[in-house]
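Residue numbers (my numbering): 2 to 138. All C-beta atoms, glycine included, are put in the ideal place defined by N, C-alpha and C. Below you'll find the structure, written out as structure tokens, and then a few comments.
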């Protein structure tokens, strides 16, 4: 994952919470992969394809890890994306993950983890909502 300024990481967290203005800003300022990650997290296969073909496989691995695929976590570790993995572990409630982020100076990712946790809860709720269509567009 490329190095992002703190303000971009904070904006990413806000975009996860459906702030469309910030999502547009991220897209217009060269951070389309962060917005596309959110679409991938919400189940878009086209987003996965875009992330892969535009050099961001770590974002797809992150979504897979969040969705319980442990092999994706191994891949993240192997390729040096330990901070991303810890961020997702923190969002999933893993003990010690927030402390790890703090100890390693990833305070912005701690904020993103909190936003990600809420987004994961919403995605899980929407996925299991019997009133929603099971078909993803």
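Buried or exposed by the 16-neighbour rule on C-beta atoms within 10 Å, applied to residue i
| i | result |
| --- | --- |
| residue 3 | exposed |
| residue 14 | buried |
| residue 77 | buried |
| residue 105 | exposed |
| residue 119 | exposed |
| residue 8 | exposed |
| residue 122 | exposed |
| residue 29 | exposed |
| residue 49 | buried |
| residue 17 | buried |
| residue 134 | Caution applies to residue 134, whose pLDDT of 48 falls short of 50 and renders its modelled position unreliable; the value that the coordinates give is listed next. That one is exposed. |
| residue 57 | buried |
Per-residue DSSP class, three states only, for residue i
| i | result |
| --- | --- |
| residue 4 | coil |
| residue 108 | helix |
| residue 31 | coil |
Integer-rounded CB distance, given that residue j should sit under 8 Å from residue i
| i | j | result |
| --- | --- | --- |
| residue 102 | residue 114 | 7 Å |
| residue 145 | residue 124 | Given a span of 2 to 138 for the chain in the structure shown, any question on residue 145 remains unanswerable. |
| residue 63 | residue 45 | That belief does not hold up - the Cβ atoms of residue 63 and residue 45 are roughly 14 Å apart, past 8 Å. |
| residue 66 | residue 86 | 6 Å |
### Message
With a threshold of 8 Å, are at least 3 pairs of Cβ atoms found where one atom belongs to the stretch 44-57 and the other to the stretch 18-28?
### Response
no
### Query
Is there contact between the stretch 94-106 and the stretch 58-77, where contact requires at least three CB pairs shorter than 8 Å?
no
### Message
List, from N- to C-terminal side, the alpha helix (DSSP H) runs of 4 residues or more that fit wholly inside the stretch 40-111.
### Response
46-54, 58-67, 71-79, 83-92 and 98-104
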